[in-house]
Structure formats: structure tokens, C-alpha cells
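Participant: I have a structure here, written as C-alpha cells, and I will follow up with some questions on it.
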Amino acid sequence: MTEAHPVAATRMKKALARGSKLIVADPRYIKLAELADLYLPLRVGTDVALLLGMAHVIVRENLIDHKFVAERTTGIEEYIEHVKQFTPEWASSITGVPAKDIESAAIMYGSADKASIYYTLGITEHICGVDNVQSLSNLALMTGHLGREGCGINPLRGQNNIQGAGDAGAAPSDYPGYQNVGKPENKEKFEKLYGRKLDAERGITKVTALDRCGDGIHAMLIDGENTLVSDPDREHTEHALKQLDHLVVIDIFLTETAEMADVVLPATAWGETDGTLVNTERRVQRVRAAVTPVGEAKPDWEILSMLANAMSIPGFEYDSPKEIFNELCSVTTIYAGIDWDMIDDGQYQWPVPYKGHPGTPRLHEDGFISGKGIFKVIGYRDPAEVVDDEYPVWLTTGRRLQTYHTRTQTGRSAGIEYLAPEEYLEVHPENVQKWGLTDGGWAKVTSRRGEVKIKVKATPRSPKGTVFASFSFAETPVNMLTGSGYDPNTHTAELKVCTVRVEPM
Amino acid sequence: MTMQDIRELPLIDLGVKKTRSICGYCGVGCAVDILSKDNRIIGIQPAMDGPANLGALCVKGQFAYDYVHHPDRLKKPLVRREDGKLHETTWEEAIQVAADGFHKVMKTYGREAIYGVASGRTPTEADYLMQKIYPRGLRHSQHR
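First to last, the protein sequences are chains C and U. Just so we're aligned, residue 3 is where the first sequence starts under the numbering used here, counting upward by one. Just so we're aligned, residue -2 is where the second sequence starts under the numbering used here, counting upward by one.
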């Protein structure tokens, strides 16, 4: 959190200064672990086991919020039966975390009046990402840590507008405002609004689309994403994009992905663009242009409108982002109470269902949108790859404070280039010695999918047997190694776990 | 005088423009003031009244802005010509080539053969239009 969401971490540090307690569960001894009251160094990919062990203790110690469970949830009986078998000792045998620490964590979380959960991609980028999230949800439901100030399950969004993209309907399953594609009334609504026939089926995820390049998918339009470097298993991605008959990329630089395109359309950058962004708190905020665009660059909305018009798709006669945002507000319920002129100070967190509604800083205060909170019976399964003789080391990937994603932007900022000029592999000092590596020397890292040459940094932040690197540097394409498996529900790649061999060079 | 008082002092008029915006990096959504002069961004200040950041800002938000004026920025549309290389062209031609390519693929393989990838980095308006172009085909918002 101090690396990927530093300012949110400052808010957490302030809470600690006021006396809040902190439990950190992370395979790596991250900065936040130094501040924790309790640190749980779990083996990569074993979150479900840890959370099952905690649930077992919460049941055993009778820390269940019976009133909350009775009024707002369903399925507790089956869930209690299920977790009885998963003792802290069992969880310890899978996770490597001492059983007594799992007990302490469960008691600390379960007995607190208010407790909240924060997570990022360490939870979701697994083959069991959905299981991980639902395991967290089970803990929050059984202890009633939801719908009140200082409670809740809080995923921290990594990109400035991943929330807004989802809100606007950029996921295969939903029209704007999370209106399900599968419901006939939604299809009818959007056919009427857009003046053309729409398909009733849900779309496909990018992982599926890349798999089908050349076999079902023959052209792509990619807006503002360096897919080639950011996606897992780079060789596979490159091969897929090469199968396309037609690739159009909209971006601000000639990224590795743009270099493969048939047409590259130059977009305006941050600081040159007017529009809206939605942050991780569902806060709708305005970005504003401070300078005029470089060269002939145009804002994305204008490029997409021009393209739609050239493809004779009706309904793209826009003159401003204001018109587009207001149209989005008018077709959803979550934004129904706001418009472009009301969001100058970022005071609204959706849902804002009608004009005059103050917005919703906290979800689930009076109930869950879907009715009762459902306990999910979930079992532990190993990651897609497990260490063996050939690939005996766990690799986990992530981000660093100074760099952002594939460095399209931060790699072109002088001060950042000075602070973080290259990537390195974090290896426990004992492993450095044992594997014949040298601190600052080069290593070859090999997985079932590829190999990468990378500098070694000896650090006790990495546990023994697990190494870490970010995927930010094109010169050190760590995503050559990843891509061992995908969550079957979300198709999110297991970027947090794969197995590798580390050799000196 | 507190830091906040100092930050709120009127700038001596050196032609510096202050534009309230939101940082473009992670999902925290820190409010910032972009300082610009002669149509160049010359600095970023955290907004003390930013609802998400309350005056805080990280190293990326504070300093990683000079990419906006980097010489590598794409300034004109590019199309791949017969020599296999990308060449600068007009917007008119680039949009036509882009649209023709999609038309051709749709004609040969059907509407579902084209796929759009929306961005978690662009403003919401771009994502909305992307899904409007591909109300089914898309669709990915990179889960980060």
C-alpha cells in the first residue's frame, strides 16, 4: 500500500497514530508490515487457507455478531459446519504462518467493535481471486464489520479510472451503471437509447479475446493500454496480436503495443484533457486541461467519435465531454442524481440515485443491494503452479512506488528516471548465498514460459524461497515469466504466483 | 504561517496559471493544482482541500508530469504503409484507414470479429464511448 497507494497509506498511518491496530498479511515483509501490530507472512497464494483458519477461530471463540448475521445474512449454519475442520494448525501447515498468530489475528479482527479490510491485487491476481474476495466477505459478514464507519471491505483500485471504466460499462457483463447484459429489459433499453440492434450475450474478456486472435477475433481497437508489456505471458500476447488483420491503437506515445498497430491515433495526455475520473471511493471527480494538446493530438472521446462516425454508427455527434458524461448519467441509476456541472468539487460518491441525494460514502448501511449477505462455502486449492525440482522458487510480482505500470509515463519523467532507473529481483540474503548469486550481480530467471535477465538485490523483505520483481521495465520484461493460470470467473491472471528457477550469470 | 497559508497566498503574477485537477496515476484520486506557464506544465501542488488526499501527494503525483511535454509524444496519426513502416498522415486518412479495416474484417468474419479494449487510464467519457461502439464485443477494463 505504501508503494502502490501511498496517499491512502498516509491515511492509514494517521489512524495508527490515533491508536488503531493493524494486521498485515503479505508474503513479503513490506513497509506497512513494519508498522503492524501483527504480521502474518503467508506463503504466496494461500490466502484462502489463512482466512479459513481465522474463520474457524472466530466461530470457536464465539465472536460472531449474531444480531447482524440473523438480520442481514443467510447460510451461516452450513458455513460454520464447513470451517470447523479448518483449525489454525491446519491453516499453519498450508500458509507457514504460526497457528498462534492466526488465532491472534482472528481474535483481534473478530472482537474489534469496528474493523475494516483493505486489499489490492495480492488478493485478486490469483486463480482463486474470487475465492479470496469471498473469503474476506465471509469474515466481514460473520463479524458484522460492514455498513458502518470504520468497517467494510475496501479494494484499492490501482489505476486512476478503473472504477469509472467499470461504471461506464467497460466490462463484458454489464451495460453502463452495472446493468446486466443478460437481462432482456436492459437490452431493450439500450437498443432504444442507441438506435440500433444489440446482442443479448455478454462480451468476452480480453484474456479470451487474445486467445482467439486469428480464430474468431480479427481486428482490435486498443485505447490507452500497453497490452504487450502489461499482460501476462508476453510471448503469447505478441503472437496473438500478430494474428490480427487489423490493429488500431490510441495512445500518447508509440508504446511497444502501438508499434505493432496498423493505425496509431495520437491522444491528448493528462493535463491536456477535460473529463471525469472516478476514484476507489466511487468519488466522481473532474480532470481539467491546463495546457493545449501537443501537435495534432485529440482527446480520446473525440477520436472514438470520429471513428464511430466513419463506421456509420449512429449517436456519436458529440461536441464536448460534458455531453457524453451527462448522457452516461441519464442512462444509469448510480449517476442519475448528478451531472457535469455538479461535480466540480468531487463531493459525490455514487450511488446518487436522484437529484438532491447527497451521495453514498458508505455502501450497505441499511442493507445489501442483492438482498441478504450470502456466506460462501470455499475450500483451499493450490496455485496453478507449485514449486518442484525444476522450478523450485516462487515468483511474485507487483509495483514500486516510483514507477507506474509499464513506465510509458514515469519512464519519461527525469526525476523518476533518477530515482528508479532499473528493475531488480528481490532475493532473501541467505538465498543469494545459497544459489550462488551476488548482490548487485545478474541472474537468469526462467519459468515454463520464458526467461529474463535481471539484477539481484539481497533483501530480507523477500521470504526465503520467494523472489519479487515489478513488471514495469520493458528492458526487464518480467511478464515473459508470468501467466501460469487464470481465475475461471474473472479471467484475471495469477500474476502474484508462478514458479521459477534462479541461476547466476 | 502554516504551509496551508503559504500555499494559499496569491501567486506573484509571473504568468503562472493554476488549474484544479485530479492526479492521473493510481485510484486514490488525489486533487492537485497544475501550475502552468506559457502553455507548459511547470509544477504540481497537492490540493489542501482535496477530498481524498487532504493535502498529501506521492512522488509520482508530485514529480512525474514532464512526460506530457516529452519529445516522444505522438503528434500526428500514423498509418502502416506498403513498406511495412508507420508513417505520419492526416487525421482524415488515419480515421478512414482505421474504419475501413474494421469494415473489411466485419464483412469477412462478422461483427463479432472486432474487439475493443477500453482503458482504466482514460477519462470515463472515453470508456463510455468505447462500450457504445462495442456494446457487446469489448470489453475489458483492466482490473487494476
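Each residue gets a CB set at the ideal place from its N, CA and C atoms; glycine is no exception.
Can you give me the start and stop residues for the alpha helix (DSSP H) that residue 235 of chain C sits inside?
Facilitator: Along the first sequence, one-based indexing puts residue 235 of chain C at 233. In the DSSP assignment, residue 235 of chain C falls outside any alpha helix (DSSP H), carrying neither H nor E.
Participant: Can you tell me whether DSSP reads residue 488 of chain C as helix, strand or coil?
Facilitator: Counted from its first residue, the first sequence places residue 488 of chain C at position 486. Strand, per DSSP.
Participant: Looking at chain U, is there any beta carbon in it that lies within less than 8 Å of the beta carbon of residue 14 of chain C?
Facilitator: Working through the first sequence from its first residue, we reach residue 14 of chain C at position 12. Cβ-Cβ to chain U under 8 Å: no for residue 14 of chain C.
Participant: If we ignore side chains and look at the alpha-carbon of each, how far apart do residue 227 of chain C and residue 404 of chain C end up?
Facilitator: Translated into the one-based positions of the first sequence, residue 227 of chain C becomes position 225. Translated into the one-based positions of the first sequence, residue 404 of chain C becomes position 402. Each residue's alpha carbon lies about 19 Å from the other.
Participant: Taking Cβ to Cβ, would you say residue 136 of chain C is nearer than 8 Å to residue 378 of chain C?
Facilitator: Residue numbering aside, residue 136 of chain C sits at position 134 when the first sequence is read from its first letter. Residue numbering aside, residue 378 of chain C sits at position 376 when the first sequence is read from its first letter. Their beta carbons are under 8 Å apart, which means residue 136 of chain C touches residue 378 of chain C by this criterion.
Participant: Short of 7 Å in beta carbon distance, which residues of its chain neighbour residue 110 of chain C, apart from the five on each side in sequence? Order them along the chain.
Facilitator: In the first sequence, the residue the question calls residue 110 of chain C occupies position 108. Cβ neighbours of residue 110 of chain C beyond the five flanking positions: 23, 25, 40.
Participant: Tell me where the beta strand (DSSP E) around residue 28 of chain U begins and ends.
Facilitator: Your numbering for residue 28 of chain U matches position 31 in the second sequence. Unbroken beta strand (DSSP E) run through residue 28 of chain U: 28 to 34.
Participant: Would you say residue 70 of chain U touches the ligand ADP, meaning its beta carbon is less than 7 Å from a heavy atom?
Facilitator: The ligand ADP is not part of this structure, which contains no ligands at all.
Participant: Given this structure, state the Cα-to-Cα distance separating residue 353 of chain C from residue 489 of chain C, to the nearest angstrom.
Facilitator: Stepping through the first sequence from its first residue, residue 353 of chain C is reached at position 351. Stepping through the first sequence from its first residue, residue 489 of chain C is reached at position 487. For the pair residue 353 of chain C and residue 489 of chain C, the Cα-to-Cα distance works out to about 28 Å.
Participant: Under 8 Å between beta-carbons, which chain C residues line up against residue 74 of chain U? List them in chain order, please.
Facilitator: Start at 1 with the first residue of the second sequence, and residue 74 of chain U comes out as number 77. Around residue 74 of chain U, the beta-carbon contacts reaching into chain C at under 8 Å are 265, 266, 267, 268, 298.
Participant: By Cβ distance, which residues of its chain are closer than 7 Å to residue 141 of chain U, with the 5 residues on each side in sequence left out?
Facilitator: Here the question's residue 141 of chain U lines up with position 144 in the second sequence. Low per-residue confidence applies at residue 141 of chain U: pLDDT is 30, beneath 50, and the placement is therefore not dependable, though the value from the model is reported in the following sentence. Apart from the 5 residues on each side of it in sequence, residue 141 of chain U sits with its Cβ closer than 7 Å to the Cβ of 117 in its chain, given in chain order.
Participant: Counting C-beta neighbours from all protein chains within 10 Å, is the total for residue 68 of chain C 16 or more, i.e. buried, or is it exposed?
Facilitator: Locating residue 68 of chain C in the first sequence gives position 66, where the first residue counts as 1. With fewer than 16 Cβ atoms within 10 Å of its Cβ, residue 68 of chain C is classed as exposed.
Participant: Using beta carbons (cut-off 8 Å, strictly below), is residue 136 of chain U in contact with chain C?
Facilitator: Here residue 136 of chain U corresponds to residue number 139 of the second sequence, with the count starting at 1. For residue 136 of chain U, the pLDDT reaches just 40, beneath the cut-off of 50, and the residue's location in the model is therefore unreliable, although a value from the coordinates is still provided. Chain C, which has a Cβ nearer than 8 Å to the Cβ of residue 136 of chain U, makes this yes.
Participant: Does the stretch 45 to 60 of chain C come close enough to the stretch 120 to 137 of chain C to have 3 or more Cβ pairs within less than 8 Å?
Facilitator: Between the stretch 45 to 60 of chain C and the stretch 120 to 137 of chain C, the count of C-beta pairs closer than 8 Å reaches three or more; the two stretches touch.
Participant: Which term fits residue 407 of chain C, buried or exposed, when burial requires 16 or more other beta carbons within 10 angstroms of its beta carbon?
Facilitator: Within the first sequence, the letter at position 405 stands for residue 407 of chain C. Classified as buried, residue 407 of chain C has 16 or more neighbouring CB atoms from the shown chains inside 10 Å of its CB.
Participant: Any C-beta of chain U sitting closer than 8 Å to the C-beta of residue 429 of chain C?
Facilitator: For the purposes of this step, residue 429 of chain C is taken as the residue at position 427 of the first sequence. No, residue 429 of chain C lies away from the interface with chain U (no Cβ there is under 8 Å from its Cβ).
Participant: For the stretch 223 to 237 of chain C against the stretch 250 to 259 of chain C, do three or more pairs of beta-carbon atoms, one drawn from each stretch, fall closer than 8 Å, so that the two count as touching?
Facilitator: The answer is yes - the stretch 250 to 259 of chain C touches the stretch 223 to 237 of chain C, with three or more Cβ pairs under 8 Å.
Participant: Distance cutoff 8 Å, beta carbons only. Does residue 21 of chain U sit that close to anything in chain C?
Facilitator: Translated into the one-based positions of the second sequence, residue 21 of chain U becomes position 24. Interface residue, yes.
Participant: Against chain C, with Cβ distances strictly below 8 Å, would residue 117 of chain U count as a contact?
Facilitator: What you label residue 117 of chain U is simply residue 120 of the second sequence in a count that begins at 1. Yes, contact with chain C.
Participant: Could you check whether the Cβ of residue 4 of chain U sits closer than 8 Å to any Cβ belonging to chain D?
Facilitator: Note that chain D does not occur in the displayed structure, where the protein chains are C and U.
Participant: Tell me whether the beta-carbon of residue 183 of chain U lies closer than 8 Å to the beta-carbon of residue 61 of chain U.
Facilitator: One cannot answer for residue 183 of chain U here, as it falls past the ends of chain U, which runs -2 to 141.
Participant: Counting only beta-carbon separations shorter than 8 Å, does residue 81 of chain U have a partner in chain C?
Facilitator: For the purposes of this step, residue 81 of chain U is taken as the residue at position 84 of the second sequence. No, residue 81 of chain U does not count as interfacial toward chain C.
Participant: Shorter than 8 Å from the beta carbon of residue 16 of chain U to some beta carbon of chain C?
Facilitator: As a working mapping, residue 16 of chain U is identified with position 19 in the second sequence. Chain C contact via Cβ: present.
Participant: Please name the residue in C/340, C/280, C/119 whose C-alpha comes closest to that of residue 165 of chain C.
Facilitator: Working through the first sequence from its first residue, we reach residue 165 of chain C at position 163. Closest option to residue 165 of chain C, Cα to Cα, is C/280.
Participant: Is residue 302 of chain C close to chain U? Criterion is C-beta to C-beta, closer than 8 Å.
Facilitator: Start at 1 with the first residue of the first sequence, and residue 302 of chain C comes out as number 300. Yes, its Cβ sits closer than 8 Å to a Cβ of chain U.
Participant: Please compile the residues from chain U whose C-beta is within a distance smaller than 8 Å of the C-beta of residue 308 of chain C.
Facilitator: The count along the first sequence starts at 1 and reaches residue 308 of chain C at position 306. Neighbours of residue 308 of chain C on chain U, chain order: 88, 92.
Participant: Keeping to the same chain, check which residues put their C-beta closer than 7 Å to that of residue 237 of chain C; ignore five residues upstream and five downstream.
Facilitator: Taking the first sequence and counting its residues from 1, one reaches residue 237 of chain C at position 235. Here the set comprises 451, 452, 482.
Participant: Helix, strand or coil for residue 425 of chain C? Go by DSSP, reduced to three states.
Facilitator: The residue labelled residue 425 of chain C in the question sits at position 423 within the first sequence. Taken through DSSP and simplified to helix, strand or coil, residue 425 of chain C comes out as coil.
Participant: Measure the C-alpha to C-alpha separation of residue 180 of chain C and residue 94 of chain U and round it to an integer number of angstroms.
Facilitator: Translated into positions along the first sequence, residue 180 of chain C becomes position 178. Translated into positions along the second sequence, residue 94 of chain U becomes position 97. Taking the straight line from one Cα to the other gives about 34 Å.
Participant: When we look at the beta-carbon of residue 83 of chain U and count the other beta-carbons within 10 Å, is it buried (16 or more) or exposed?
Facilitator: On the second sequence, position 86 is the one that residue 83 of chain U refers to. Per the 10 Å Cβ criterion, buried.
Participant: Find the residues of chain U that neighbour residue 159 of chain C, judging by a C-beta separation of less than 7 Å, and give them in chain order.
Facilitator: Reading the first sequence from its first residue, position 157 is the one you call residue 159 of chain C. Residues of chain U passing the Cβ test: 24.
Participant: Does any CB atom of chain C fall closer than 8 Å to the CB of residue 121 of chain U?
Facilitator: By 1-based counting over the second sequence, the position of residue 121 of chain U is 124. Closer than 8 Å to some Cβ of chain C, the Cβ of residue 121 of chain U qualifies, so yes.
Participant: Please report the distance separating the alpha-carbon of residue 439 of chain C from that of residue 27 of chain C.
Facilitator: Here residue 439 of chain C is taken as the residue at index 437 of the first sequence, counted from 1. Here residue 27 of chain C is taken as the residue at index 25 of the first sequence, counted from 1. Cα to Cα, the separation comes out at about 28 Å.
Participant: By Cβ distance, which residues of its chain are closer than 7 Å to residue 132 of chain C, with the 5 residues on each side in sequence left out?
Facilitator: Start at 1 with the first residue of the first sequence, and residue 132 of chain C comes out as number 130. Answer for residue 132 of chain C: 489, 491, 492, listed in chain order.
Participant: Once the 5 residues before and after residue 139 of chain U are set aside, which same chain residues still bring their CB inside 7 Å of it?
Facilitator: Residue 139 of chain U sits at position 142 when you count from the first residue of the second sequence. Since pLDDT at residue 139 of chain U reaches only 37, below the 50 mark, its modelled position is unreliable, and the value read off the structure follows with that caveat. Around residue 139 of chain U: 117.
Participant: Counting only the same chain and skipping the five closest in sequence on each side, list residues whose C-beta sits under 8 Å from that of residue 122 of chain C.
Facilitator: Taking the first residue of the first sequence as 1, we reach residue 122 of chain C at position 120. If we look at residue 122 of chain C and ignore the five residues flanking it on each side, its Cβ neighbours are 3, 6, 7, 157, 158, 160.
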